[in-house]
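In our numbering, the protein residues as written are 139 to 302.
Take a look at the structure below.
Next up, the structure:
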């Protein structure tokens with residue numbers, strides 16, 4: 139993958155709840171870990187009372203094809219109740235960027251989650267190096283997994299926000 143190859147996947151859902159309620163959910167990194175099939179556990183690094191730009195957290199993930207690994211993420215966007223985003227890995231060359239965006243709409247909230255791959259190195263690099271002729275298929279497969287994860291996140295957040 140080159141710097142020019144930073145594909146993005148995204149999903150959107152309308153939530154029948156105000157942005158402030160949805161914000162409480164999307165800015166709770168522990169909730170995201172409880173929803174995800176890949177992200178197993180998260181913990182703030184340092185004394186974090188509430189998320190803010192610059193805060194860091196460690197994540198432990200598991201995938202059937204690559205096993206288990208840990209990452210450090212950096213909060214890069216945190217504007218209640220509008221946006222919560224983080225970069226995974228090195229701040230100057232993240233492995234991935236993830237973000238929730240909230241917009242008040244039609245008496246509720248339009249919730250968008252997106253994820254961008256790269257430009258930094260990732261677990262995909264070894265697979266691509268071993269099978270360069272399959273690079274597009276490898277990346278497309280990972281993006282499908284991310285899309286499924288985003289879709290599941292949005293459904294779970296919508297359900298929780300609307301039942302409060």
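Glycine included, each C-beta is placed from N, C-alpha and C at the ideal position.
These figures come from a predicted structure and were not determined experimentally.
Look at the alpha carbon of residue i and the alpha carbon of residue j, and state the distance between them as a whole number of angstroms.
i           : j           : result
residue 287 : residue 281 : 10 Å
residue 183 : residue 195 : 5 Å
residue 252 : residue 147 : 6 Å
residue 211 : residue 220 : 20 Å
residue 160 : residue 296 : 8 Å
residue 156 : residue 268 : 48 Å
residue 246 : residue 271 : 46 Å
residue 285 : residue 233 : 17 Å
residue 110 : residue 174 : What is shown of the chain runs 139 to 302, which leaves residue 110 out entirely.
residue 140 : residue 242 : Low per-residue confidence applies at residue 140: pLDDT is 41, beneath 50, and the placement is therefore not dependable enough to give any value.
residue 228 : residue 209 : 10 Å
residue 185 : residue 193 : 9 Å
Go to residue i, then tell me how far its beta strand (DSSP E) extends in each direction, as first and last residue.
i           : result
residue 277 : From DSSP, residue 277 is part of no beta strand (DSSP E) but of the alpha helix (DSSP H) over 273-301.
residue 246 : 246-255
Between which two residues does the alpha helix (DSSP H) containing residue i stretch?
i           : result
residue 263 : 262-268
Original post:
If you scan the region 149-186 from start to end, which runs of the beta strand (DSSP E) of 3 or more residues do you find wholly inside it?
Top reply: 177-183
Original post:
Taking only runs of the alpha helix (DSSP H) that begin and end inside the region 188-241, which ones reach a length of at least 4 residues, in chain order?
Top reply: none
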